[in-house]
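The sequence shown begins at 24 in our numbering and counts up one residue at a time. Beta carbons are placed, not taken as given, at the ideal position from N, Cα and C, and that holds for glycine. Remember, it's a predicted structure, so these values are computed and weren't measured experimentally.
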Amino acid sequence: APRPQVLSPAFPLFDQSRGAREATMPAVVESPGGTPTKWWHPLALGGVAGSMGELLAQPMIVVRTRMMVQGVSSQTSGEGLVRYSGFVDTCRTMFRTEGIGSF
């Protein structure tokens with residue numbers, strides 16, 4: 024059978040004699056030890072990677088949100104408004120007044 028054209032070793036062009044999945048993925052993925060991986064290994068590792076990404080990004084999203092809504096108060100008197108001068112000041116103020124759980 025003729026070999027399909029290849030853009031790079033990782034991304035062969037679609038070969039009509041095989042399906043799209045088979046054209047882009049090897050039939051058996053082997054672990055560094057040489058044994059085939061289980062079907063759920065990529066799923067579990069993808070879940071761990073996504074969770075770690077959220078764990079690192081979520082505190083920054085909370086700080087960004089606090090900075091966006093600074094000065095907005097549900098009280099009409101304006102008491103209790105917090106002004107932040109930047110990212111580090113926001114982190115410092117949140118940690119000082121509310122603790123690590125505020126992130």
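Around the Cβ of M75, are there at least 16 other Cβ atoms within 10 angstroms (buried) or fewer (exposed)? exposed
For a quick check, are the C-beta atoms of F126 and P65 less than 9 Å apart? no
Would you please verify whether the beta carbon of P82 is less than 9 Å from any beta carbon of chain B? Here chain B cannot be found, since the structure has a single protein chain.
With 16 other CB atoms within 10 Å as the buried threshold, where does S113 fall? In the sequence as displayed, the identity of residue 113 is Thr instead of Ser. The residue in question, T113, is buried, as its Cβ has 16 or more Cβ neighbours within 10 Å.
Span of the alpha helix (DSSP H) holding L74? The displayed chain sequence assigns Ser, not Leu, to residue 74. Element bounds for S74: H64 to M91.
For V111 versus Q93, is the C-beta distance shorter than 9 Å? no
What separation, rounded to the nearest whole angstrom, lies between the Cα atoms of I84 and T58? 41 Å
Taking the C-alpha atoms as reference points, what is the distance between A80 and W63? 26 Å
M117 to G109, Cα distance in whole Å? 12 Å
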